[in-house]
Amino acid sequence: MANLKTFSGFPIQNLTSDPVPYAQALADNPYSGAWSSVASMNTATDNLASLGTTTNAMGVGGNNPPISAKSETWDGSSWTEGNDLNTARSHMHGAGIYTSAVIAGGEAPSNTNAVEKYNGTSWTTSTNYPASKASIGGLGASNTAAVFFGGAPTVAETYEFDGTNWTETNDMNTGRNDLAAAGTQTAGIAIGGNIPPRTGITETYNGSTWTEVGDMNTAKNGLGASTQGSTTSALAFGGSVPPGTALTESWDGTSWTEVADLATARYDIGGSGTGNTSALAFAGGTPPRTAATEEWSFSGLNPATTPAADYSDAIVGQMYYNSTSGQFKAIKDGGAPIGTWAAGNTIPASGYFWASAGTQTSNIIAGGYGPGGMLNTSFQYDGTDWTAAPNIGTAREQVSGFGASNTAALIAGGATPFTGKTEQFDGSSWTEVNDLNTAKCQGAAAGTSYTSGIYFGGRTPPNTALNETESWNGTSWTEVNNLNTAIKSIAGFGITTAAISVGGALPSPDTQTGTESWNGTSWTEVSGTLNTGRGSMGSSGTQTLGLVFGGTPSTTGKTEFWNGTSWTEVGDLAQAAYGRGGSPAGTSQSALATGGEDSAPRNYTEEWTAADFEIKSLTTS
């Protein structure tokens, strides 16, 4: 029996199990990477050049000992010896792919400037590298579009290769050798290495200049990488800590995350692959030298697929009969959302304590505090990419904002010095309008567009917490009824007539859990309190369905869901930080977390996606 009866617009289906939301299915069976052993190389070696993908890879030269001229190719299942190099060497790097590769420098046995290109069959000599160096980093898509950099003794020089000529470009920020690399000549990444000492420094290359980004979790040299990765997706593995390590780290364009270890710890390792989803690790010193090869791949449900095959999305309003449990059931609104945070494209500048307005797909950030001090910049987000917007009139941090989108926003208050300045954005420019009645910072705001909102709490000099509330009518601020508790560093969300104030500091410690609800006239303390007291959180949602995330003093990634009555802990942010921007006009199912500070200002973007429902049993048999 497929359908029993149509009710409330849905056929009542006969199901053997409850529908599973994809977010819950993913939580039950996460998409996770692991290394598995595959066929070994023909010759155990270390300090070899490596390049290619997981189905077409090369390992070239190295030290067995003696120093070798051998090259081996991988076809996805086995290694085959190919034609030898013209000059035996070790301690060099390669660039390109199996049919179009180039290697430069190395030890033969002393440092050399010899360059060789590969056409898929044989090696031919080419124009010498500008200097005799070993342990040079290299990356590129082919032997006519490659870039080599660094090397021993420690240097920062960078040279691009067009298949014939070498052209010097801008130096790396940190000179080093024995590093890993991934990507193309115009979008590459240099990873770790030896200065000395060994380092976890990471830099990206845009075809002209190097930019330092987030460091690895563990400093190491002699590591391997997915050589055809990119500035937003790469895998780095093995290396010398010392001794040899099995550690594997995944790069998402913002930060490194430790993932599953290699089966065999090793250093001076070869690597190939594509991004952080597909990689090959081979050879290296354990000690002794090894020919072992391991392949990185994923199992579980892919978060890029929604809904996943074999999983039913639960539809709010659906009724069905579970023939296994003998129950009629309904899918209803309510319950804590089942969801996860996922990294989005990074912000062009790092910062925290900036104002935010809009939703997950139409967001704007303005002001804040960055590596060089207070900011006057603003950036718009369209759900995929960040673009620079006009600067605000007054640089400031600890500023608050509200608005429905990235073309209808208002920011107010801030420090330092303390200010009541208010600016509104119409999608084209920022315009200064009437100030708050009190110069202050670290308050919260709620509202729609730039024509209607409230600002509440905060502090004045030197560190006096406030209970003031001011209402904005599109022209001016008016003082209205106060919060019950004077508090700073609070989070807030909602609209002009229905808002929530939560957490914060009094002014010390930053561990408050209290919640107050605004009805357009007055504030009421409610019984629901945060599970983890904290201040300087990001937020999203409405008075009855909201989220707060991140915070301090113990920098956290905790996320809590508000159902109008109580708080429930849900999935953590990937990056623990405080002072993060949010999506004040977002929802508990779709939210944005931006920037933040942990050990330094960050350019993080994280997107929250969740299903917001619960399955209710109606009858039992």
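Numbers in my numbering are just positions in the sequence shown, counted from 1, shifted up by 18.
Beta carbons: idealized from backbone N, C-alpha and C, even for Gly.
Measuring only the C-alpha atoms, how far is residue i from residue j?
i: residue 60; j: residue 116; result: 18 Å
i: residue 410; j: residue 423; result: 17 Å
i: residue 593; j: residue 279; result: 21 Å
i: residue 620; j: residue 233; result: 12 Å
i: residue 406; j: residue 398; result: 6 Å
i: residue 639; j: residue 358; result: In this prediction, residue 639 scores a pLDDT of 42, lower than 50, which makes its location untrustworthy; the coordinate-derived value is nonetheless stated afterwards. For residue 639 and residue 358, the distance between alpha carbons rounds to 36 Å.
i: residue 366; j: residue 396; result: 10 Å
i: residue 167; j: residue 191; result: 11 Å
i: residue 403; j: residue 439; result: 29 Å
i: residue 356; j: residue 151; result: 54 Å
i: residue 123; j: residue 622; result: 37 Å
i: residue 103; j: residue 302; result: 19 Å
i: residue 157; j: residue 114; result: 7 Å
i: residue 107; j: residue 125; result: 5 Å
i: residue 284; j: residue 264; result: 6 Å
i: residue 408; j: residue 305; result: 57 Å
i: residue 538; j: residue 390; result: 40 Å
i: residue 26; j: residue 34; result: Because the pLDDT at residue 26 is just 46, under 50, the model does not fix this residue reliably, and the point stays unresolved.
i: residue 578; j: residue 585; result: 6 Å
i: residue 197; j: residue 183; result: 24 Å
i: residue 139; j: residue 231; result: 38 Å
i: residue 346; j: residue 339; result: 4 Å
i: residue 463; j: residue 474; result: 6 Å
i: residue 134; j: residue 602; result: 57 Å
i: residue 19; j: residue 31; result: Residue placement at residue 19 is poorly supported in this model, since its pLDDT is 35, which falls under 50; the coordinates are not used for a value here.
i: residue 573; j: residue 596; result: 6 Å
i: residue 16; j: residue 517; result: Since the first residue shown for the chain is 19 and the last is 639, residue 16 is missing from the structure and cannot be characterised.
i: residue 12; j: residue 341; result: Residue 12 falls outside the range modelled here, since the chain spans only 19 to 639, and no answer is possible.
i: residue 199; j: residue 97; result: 23 Å
i: residue 256; j: residue 266; result: 7 Å
For the beta strand (DSSP E) that residue i lies in, which residues bound it at each end?
i: residue 381; result: 381 to 384
i: residue 285; result: That residue, residue 285, is in no beta strand (DSSP E); it is neither H nor E in DSSP.
i: residue 313; result: 311 to 317
i: residue 268; result: 266 to 269
i: residue 442; result: 440 to 443
i: residue 115; result: 111 to 115
i: residue 135; result: 133 to 136
i: residue 473; result: 470 to 474
i: residue 509; result: 509 to 513
i: residue 177; result: 176 to 179
i: residue 486; result: Note, residue 486: premise wrong, no beta strand (DSSP E); not H, not E.
i: residue 77; result: 75 to 78
i: residue 142; result: 141 to 144
i: residue 582; result: Counting along the chain, residue 582 falls outside any beta strand (DSSP E), and DSSP gives it neither H nor E.
i: residue 340; result: 337 to 340
i: residue 457; result: First-last for residue 457: undefined, no H or E at that position.
i: residue 103; result: No beta strand (DSSP E) holds residue 103; DSSP gives it neither H nor E.
What did DSSP end up calling residue i once you bin it into helix, strand or coil?
i: residue 151; result: coil
i: residue 159; result: strand
i: residue 19; result: For residue 19, the predicted structure reports a pLDDT of 35, less than 50, and the residue's modelled location is therefore unreliable. A value from the coordinates is still provided. Three-state result, residue 19: coil.
i: residue 592; result: coil
i: residue 620; result: strand
i: residue 216; result: strand
i: residue 24; result: Residue placement at residue 24 is flagged as unreliable, the pLDDT there being 46, under the threshold of 50; the coordinate-derived value follows with that caveat. Strand at residue 24.
i: residue 347; result: strand
i: residue 638; result: Low per-residue confidence applies at residue 638: pLDDT is 46, beneath 50, and the placement is therefore not dependable, though the value from the model is reported in the following sentence. Strand, per DSSP.
i: residue 53; result: strand
i: residue 307; result: strand
i: residue 451; result: strand
i: residue 296; result: strand
i: residue 31; result: strand
i: residue 239; result: strand
i: residue 477; result: strand
i: residue 124; result: coil
i: residue 95; result: coil
Does any residue of chain C bring its CB to less than 8 Å from the CB of residue i?
i: residue 578; result: Among the chains in the structure shown there is no chain C, since it carries only a single protein chain.
Worksheet item: Should the segment 536 to 552 be called in touch with the segment 446 to 453, which here means at least 3 C-beta pairs below 8 Å?
Response: no
Worksheet item: Hey, which unbroken runs of the beta strand (DSSP E) at 3 residues or more fall wholly within the segment 395 to 422?
Response: 396 to 399 and 404 to 407
Discussion item. Contact between the segment 215 to 222 and the segment 83 to 90 is defined here as three or more beta-carbon pairs at a separation below 8 Å; is this criterion met?
Written reply: no
Fill in: Segment contact flag, the segment 283 to 295 with the segment 66 to 77, C-beta cutoff 8 Å, min 3 pairs
Result yes; three or more Cβ-Cβ pairs closer than 8 Å.
Practice prompt. Please determine if the segment 152 to 162 and the segment 115 to 130 are in contact, where contact requires at least 3 C-beta pairs separated by less than 8 Å.
Written response: yes
Fill in: Validate contact between the segment 604 to 612 and the segment 555 to 575 using beta carbons, cut 8 Å, 3 pairs
Inter-segment contact for the segment 604 to 612 and the segment 555 to 575 is present: three or more beta-carbon pairs are separated by less than 8 Å.
Discussion item. I'd like to know if the segment 292 to 299 and the segment 246 to 260 are in contact, where contact means that at least 3 CB-CB pairs between them fall below 8 Å.
Written reply: yes
Discussion item. Check whether the segment 549 to 557 and the segment 311 to 320 touch, using three or more Cβ-Cβ pairs below 8 Å as the test.
Written reply: The segment 549 to 557 vs the segment 311 to 320: no contact.
Discussion item. Threshold first: 3 residues or longer. Then list the beta strand (DSSP E) segments lying entirely within the segment 508 to 570, N to C.
Written reply: 509 to 513, 516 to 520, 533 to 536, 541 to 544, 556 to 559 and 564 to 567
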